[in-house]
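The structure under discussion appears below in the form of structure tokens.
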Amino acid sequence: MESLHPLNLDFREHLFRRYAQDGRKQRFPGETREEFEAWQVDARGVLEETLRMPEVSGDLELEREPVDSSMLSWEGGRYEGFTLERIRYQSMHGVRVPAFLLIPDKLDHQAPAILCPPGHGRGMNQVLFEKGIYKQYPMELARRGFVTLVPEHVGFGERNPGHLGEHAYYTGVSQLLGYTEYGVYIRELMRAIDVLSSIDEVDADRIGCYGLSLGGVTTLLISALDLRIKAAGISGFFTSFRSTFLDMAHCVCGNVQDLALQFEHVDIAALIAPRPIVLENGRADPQFPSDQSIESAAELRRYFALYGEEERLLHDVFDGAHEISGSQAYDAFERWL
Ligand SMILES: [Zn+2]
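Residue numbering for the sequence shown is 577 to 913, as defined by the numbering used here.
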């Protein structure tokens with residue numbers, strides 16, 4: 577930023593002042609648990625309104641098809657302990673979502689499940705088949721006995737019509753027609769929970785959500801809004817709008833109109849409490865600073881303290897970058913679900 581003439585920064589300073597004066601309108605203003613629970617109901621309504629989600633109509637129309645693992649090539653993952661299926665379901669009228677479903681071997685009872693929304697990258701195939709930043713975490717969860725579902729977000733991976741200019745096309749047109757792109761992601765993830773709740777292998781009372789980056793913010797939002805999520809793992813996102821999107825350019829799909837006027841990350845996460853949360857932040861993550869995550873987590877812990885349940889908030893600050901850690905999350909999900 578030093579290279580810019582100060583005149584180029586004056587509007588940025590204006591925006592920071594606007595944030596300081598007008599941001600976080602929904603921050604919890606009270607002190608007691610009763611006030612907190614009443615606030616949650618109202619703030620959830622504001623969050624839902626702000627996201628401007630599409631309506632859902634039509635049945636799930638779930639199709640399941642086993643994948644022959646010998647036909648796949650992937651990096652180093654142990655393909656054992658689960659079976660892999662390719663599924664499709666209807667999210668909105670006429671819109672079908674592809675996803676991978678991992679079913680643990682030797683299920684003799686209904687299992688807990690984890691929804692694994694991908695980050696802002698190459699989609700569900702990257703999450704599952706490349707070692708990389710995701711470390712194939714849905715497979716690890718499946719080997720530990722969780723049914724895991726990895727859906728494709730609209731505009732990414734197998735749903736990216738490259739000739740239309742990647743997912744920026746969907747982001748822009750969604751906004752032209754009254755949605756936000758995050759609202760679209762969250763509505764589709766709600767349908768993914770419908771899928772998990774509907775299949776015989778899953779205990780619908782034990783569903784969690786765990787994701788990195790865009791998968792982290794979508795985990796944050798859907799866990800805040802949808803009480804069917806009983807535990808959340810938010811990796812590589814939880815910090816603050818002030819320290820991330822306001823401070824440096826991120827993809828425009830994250831700029832939900834008015835969101836930072838209404839909420840900070842911690843205010844949204846407060847809507848999950850006292851349901852348990854594990855936060856993951858790499859010390860070397862350049863875009864989601866871990867110092868800020870520690871400060872925000874301390875604020876979030878106060879809401880868990882209203883319930884005497886501070887141990888339900890775990891914060892894994894690890895030596896790593898923008899990546900899944902898992903060093904607390906895997907065990908935590910086993911305990912919580
Ligand atoms: Zn984007």
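The C-beta atom is built at its ideal place from N, Cα and C for all residues, glycine as well.
Since this is a predicted model, take the numbers as computed values, not measurements.
Rounded to whole angstroms, what's the CA-CA distance from residue i to residue j? Just pull it up for me.
i, j, result
"Leu677", "Arg662", "6 Å"
"Ile769", "Asp586", "45 Å"
"Gly657", "Asp867", "38 Å"
"Ala874", "Ala860", "20 Å"
"Leu788", "Phe813", "7 Å"
"Ser633", "Arg804", "20 Å"
"Arg735", "Ser667", "13 Å"
"Met766", "Ala845", "17 Å"
"Arg818", "Tyr595", "8 Å"
"Gly784", "Asn584", "44 Å"
"Tyr755", "Phe604", "26 Å"
"Ser707", "His826", "As written in the sequence, residue 707 is Lys, which differs from the Ser given in the question. The straight-line gap from Cα to Cα measures roughly 24 Å."
"Leu753", "Gly884", "44 Å"
"Val771", "Arg609", "33 Å"
"His669", "Asp681", "34 Å"
"Thr820", "Gly896", "18 Å"
"Ala614", "Phe864", "31 Å"
"Gly731", "Gly606", "40 Å"
"Ile870", "Phe894", "12 Å"
"His743", "Pro737", "8 Å"
"Met824", "Val671", "34 Å"
"Gly858", "Val703", "18 Å"
"Lys806", "Gly733", "28 Å"
"Gln597", "Thr795", "28 Å"
"Arg588", "Ile775", "49 Å"
"Phe574", "Tyr713", "The chain is shown from 577 up to 913; residue 574 falls before or after that span and cannot be answered."
When burial is assigned at 16 or more other CB atoms within 10 Å of the CB, is residue i buried or exposed?
i, result
"Glu639", "exposed"
"Met700", "buried"
"Arg782", "buried"
"Ser816", "buried"
"Met715", "buried"
"Val673", "buried"
"His590", "exposed"
"Pro862", "exposed"
"Pro727", "buried"
"Tyr540", "Because the chain in this structure spans residues 577 to 913, residue 540 falls outside the shown range and cannot be described."
"Gly599", "buried"
"Glu631", "exposed"
For residue i, I'd like the list of residues in its chain whose CB is within less than 6 Å of its CB, leaving aside the five on either flank, ordered along the chain.
i, result
"Glu856", "Ser811, Asp892 and Ser901"
"Gly748", "none"
"Gly759", "Leu627, Arg628 and Met629"
"Gly809", "Tyr786, Val854 and Ala905"
"Leu691", "Leu725, Ala768 and Cys785"
"Gly792", "Ile810, Ser811, Gly812 and Phe813"
"Leu797", "Ile762"
For residue i, which residues in the same chain have their Cβ closer than 7 Å to its Cβ, ignoring the five residues on either side in sequence?
i, result
"Thr626", "Val832, Asp834, Leu835 and Gln838"
"Phe880", "Ala849, Pro850, Glu886, Arg888 and Leu889"
"Glu568", "Because the chain in this structure spans residues 577 to 913, residue 568 falls outside the shown range and cannot be described."
"Pro642", "Thr659 and Glu661"
"Val709", "This sequence places Ile at residue 709; Val is not what is there. The residues are Leu788, His898, Glu899 and Ile900."
"Asp635", "Gln666"
"Glu624", "Leu801"
"Gln602", "Ala619, Val622, Gln838, Phe839 and Asp843"
"Leu683", "Glu777"
"Glu637", "Tyr665 and Gln666"
"Ser645", "Tyr655 and Leu660"
Could you round the C-beta distance between residue i and residue j to whole angstroms and report it? I think they count as a contact, below 8 Å.
i, j, result
"Ile762", "Leu801", "7 Å"
"Leu882", "Phe612", "5 Å"
"Leu847", "Gln616", "6 Å"
"Ser799", "His841", "Contact doesn't hold; Cβ gap of about 12 Å is too wide."
Within a Cβ cutoff of 8 Å, which residues of the same chain sit near residue i, ignoring the five residues on either side of it in sequence?
i, result
"Arg877", "Glu886 and Leu889"
"Pro688", "Gly721, Phe722, Val723, Val778, Asp779, Arg782, Ile783, Gly784, Phe909 and Leu913"
"Leu822", "Leu591, Phe592, Tyr595 and Ala836"
"Lys711", "Glu899, Ile900 and Gly902"
"Ala718", "Gly657, Phe658, Leu678, Ile679, Pro680 and Thr724"
"Ser773", "Ala780, Ile783 and Arg804"
"Ala675", "Arg662, Ile663, Arg664, Tyr665, Met700, Leu725, Val726, Pro727, Glu728, Ala768 and Val771"
For ligand 3, is there any heavy atom lying closer than 8 Å to the beta carbon of residue i?
i, result
"Ala744", "Of the ligands one can find in the structure shown, namely ligand 1, none is ligand 3."
Any contact between the segment 689–698 and the segment 775–791? By contact I mean 3 or more CB pairs, one from each, below 8 Å. yes
Is the segment 893–913 close to the segment 715–735, with three or more CB pairs under 8 Å? yes
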